[in-house]
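Scroll down for the structure; my scribbles are underneath it.
Protein chains: 2
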Amino acid sequence: MPRGTTKRRPQTRARLLDAAMEVFAEQGFGGARIEDICDRAGYTRGAFYSNFGSKEELFLALFDARMAVVVEQVVDRVDRAEPTVDGLVTALLDYEHDRNWYLVSTEFTLHAIRNPQVAAHLAARDGWVREQLLGVLGRLDWEPGTDLEALVRMIVVIVEGAPAQSWVEPDRLPPGTLERRMLPLLLNAVRPSG
Amino acid sequence: MPRGTTKRRPQTRARLLDAAMEVFAEQGFGGARIEDICDRAGYTRGAFYSNFGSKEELFLALFDARMAVVVEQVVDRVDRAEPTVDGLVTALLDYEHDRNWYLVSTEFTLHAIRNPQVAAHLAARDGWVREQLLGVLGRLDWEPGTDLEALVRMIVVIVEGAPAQSWVEPDRLPPGTLERRMLPLLLNAVRPSG
DNA sequence: TGTATCGGATACACAAACGTATCGCTTAGG
DNA sequence: CCTAAGCGATACGTTTGTGTATCCGATACA
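Quick mapping for you: the protein sequence lines, in order, are chains A and B.
Each number in our numbering comes from the position in the first sequence (counting from 1) with 20 added on.
Each number in our numbering comes from the position in the second sequence (counting from 1) with 20 added on.
As structure tokens, then:
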């Protein structure tokens, strides 16, 4: 804790971040009003401007913080998983399917694509995530000639892309079901035939 | 053309839609200002309110119009394609990778997830698209027991999900490359082994 | 070619969101 | 305790975007 910083400050930040997750999920980044976030968190705009310089800065802090948690959990589980296709798939998908996080992270990706600076930031983070997964995948056997870096990208396509269909019609296609069928298909395709 | 409607009206609408595509792509739906769209199209807000009731209505019209074109083209090409995996993949991916359309259609999906009314609309459209693809896929041979409806959903995951990574770092992963590698992997996994 | 309607421009009134400057309670540290 | 700094609330003024009401040029149609 920096010199002269009181203990309630991190709590204020945390509450603002939690509120922002909800409001961004409901209204989108552009549609979210700063005052709504403050209201939701139980503060006034004074608290916001004391903690963040802009809505953009908050967005970035929110994404970074949440992304760190999600990735840590996934990597941790994958790391302990049985070195089989089924173990891997289960580890990759054994998380709470968080609708708000899907909305916010997807919108952050769009935000990054629009802003080169943010894109560089996101690319670095994504690269780090893929590296982590690459390490774990390297412990399994794969069809000779398999491009593991490409394989990791494909896994990301599935894990981040499939939820779109589920969240549009969650009753018809419950979150996780499509990924659960699709990942084994992909992984078995590059496993040793023997 | 309705009684008493002049011929420049559809042109005005079209120009507003084109402008909206650009502005939504640049600013996002929530961040886009109606006046920006009008400026871009070369009109004032008067023209806008004469043609659309709200930004939301414009967004829906834009998505519907563009979606119709894109789907028609893809279905048409897939329909004429060689009945082989490679022919299918080539037909599915042989389009201009439109960054703006990726941004707008993805944001529309988020918008739909937030608004049940819009979600129902989008689900109906998506269902229709999948039906179209189902018809074409039925003409090829597949591994016995293959769930073609699920297969179509998986194709959609790839075609709509992979561009995210490409548009974040287009230099490292040019649009289309990941799909081009991933689709054959999936399709060959459910083709007859013989 | 006349005329009624259409369609987009203009102007205005309103509302909402923003950012800042300042105030006063709270907390840390001596 | 006492005091200085931190932190969030309050209260501005400003900006920005919106929607509507009205006007006038353009266009269809007789």
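Backbone N, C-alpha and C define an ideal beta-carbon position, used for all residues, glycine too.
Owing to the predicted nature of the structure, the values given are computational and were not obtained by experimental measurement.
Chain-ordered neighbours of residue i on chain B, where CB pairs are closer than 7 angstroms
i: A:Thr129; result: Ala184, Val188
i: A:Leu113; result: Per Cβ cutoff of 7 angstroms: no residues; A:Leu113 is ~14 angstroms from chain B at best.
i: A:Thr104; result: The premise fails here: A:Thr104 is roughly 18 angstroms from chain B at the closest Cβ pair, so nothing lies under 7 angstroms.
i: A:Thr110; result: Residues of chain B passing the Cβ test: none, with the nearest at roughly 19 angstroms.
Exposed unless 16 or more other CB atoms sit within 10 angstroms - verdict on residue i
i: B:Asp146; result: buried
i: B:Ser186; result: buried
i: B:Pro181; result: Strictly speaking, residue 181 of chain B in this sequence is Gly, with Pro absent from that position. Under this definition B:Gly181 is a buried residue.
i: B:Val188; result: buried
i: A:Val43; result: buried
i: B:Trp121; result: buried
i: B:Met21; result: At B:Met21 the pLDDT is 42, less than 50, meaning the model places this residue with poor confidence and gives no usable figure here.
i: A:Arg65; result: exposed
i: B:Gly48; result: buried
i: A:Glu199; result: buried
i: B:Pro194; result: exposed
i: B:Arg86; result: buried
i: B:Arg150; result: buried
i: B:Ala52; result: buried
i: A:Pro183; result: buried
i: A:Ala34; result: exposed
i: B:Ala45; result: buried
i: B:Ser74; result: exposed
i: A:Ala140; result: exposed
i: A:Ala88; result: exposed
i: A:Ala144; result: exposed
i: A:Thr26; result: exposed
Chain A within 7 angstroms of residue i, Cβ atoms only
i: B:Ile175; result: no
i: B:Leu153; result: no
i: B:Leu205; result: yes
i: B:Met202; result: yes
i: B:Ala40; result: no
i: B:Ala139; result: yes
i: B:Ala101; result: no
Residue-chain proximity (residue i, chain B), Cβ-Cβ < 7 angstroms
i: A:Leu123; result: yes
i: A:Leu157; result: no
i: A:Ile57; result: no
i: A:Ala209; result: yes
Contacts that residue i makes with chain A (C-beta to C-beta distance below 9 angstroms)
i: B:Gly50; result: Gln47, Gly48, Phe49, Gly50, Gly51, Ala52
i: B:Thr64; result: What B:Thr64 touches in chain A: nothing, since even the nearest Cβ is about 23 angstroms away.
i: B:Thr32; result: In chain order: nothing, as chain A lies at least about 26 angstroms away.
Listed by chain order, chain A residues near residue i by CB distance under 8 angstroms
i: B:Gly181; result: Val177, Ile178, Glu180, Gly181, Ala182, Ala184
i: B:Leu142; result: Val188
Proximal residues of chain A, C-beta to C-beta of residue i below 7 angstroms
i: B:Leu2; result: Since the first residue of chain B shown is 21 and the last is 214, residue 2 of chain B is not available in this structure.
Neighbour list for residue i in chain B, Cβ cutoff strictly below 9 angstroms
i: A:Leu198; result: Ala170, Arg173, Met174, Val177
i: A:Arg134; result: Ala45, Glu46, Gln47, Gly48, Leu123
Within chain B, the residues that residue i reaches when beta carbons sit closer than 8 angstroms
i: A:Thr166; result: Within chain B, no residue comes near A:Thr166; the closest Cβ sits about 10 angstroms away, beyond 8 angstroms.
i: A:Thr25; result: Ordered by position in chain B, no residue passes the 8 angstroms Cβ test against A:Thr25, which lies about 33 angstroms from the chain.
If you pair each beta-carbon of the segment 126-141 of chain A with each one of the segment 167-175 of chain B, do three or more pairs fall below 8 angstroms? With a cut-off of 8 angstroms, the segment 167-175 of chain B and the segment 126-141 of chain A do not count as touching, because too few Cβ pairs lie within range.
Hey, is the segment 58-69 of chain B in contact with the segment 93-111 of chain B, meaning 3+ C-beta pairs nearer than 8 angstroms? Short answer: they don't touch.
With a cut-off of 8 angstroms, do at least 3 Cβ pairs link the segment 151-161 of chain A to the segment 86-98 of chain A? In the pairwise beta carbon analysis, the segment 151-161 of chain A is classified as touching the segment 86-98 of chain A: at least three pairs are separated by under 8 angstroms.
Run through the segment 171-214 of chain A for me and flag every whole alpha helix (DSSP H) of 4 or more residues, listed as ranges in chain order. List check, alpha helix (DSSP H) in window: 197-209.
Specify whether the segment 85-93 of chain A and the segment 69-76 of chain A touch according to this definition: at least 3 beta carbon pairs, one from each stretch, less than 8 angstroms apart. By the Cβ criterion, the segment 85-93 of chain A is not in contact with the segment 69-76 of chain A, since fewer than three pairs of Cβ atoms, one from each stretch, lie closer than 8 angstroms.
Which ranges would you report for the alpha helix (DSSP H) in the segment 25-62 of chain A if only whole runs of at least 4 residues count? Assignment of alpha helix (DSSP H) within the segment 25-62 of chain A, counting only whole runs of 4 or more residues, yields 28-47, 54-61 in chain order.
Could you pull out every unbroken beta strand (DSSP E) segment of at least 3 residues lying fully inside the segment 58-145 of chain B, listed in chain order? The qualifying runs do not exist here; there are none.
Inspect the CB distances between the segment 34-52 of chain A and the segment 73-81 of chain A and report whether three or more fall short of 8 angstroms. Contact holds: three or more Cβ-Cβ distances are below 8 angstroms.
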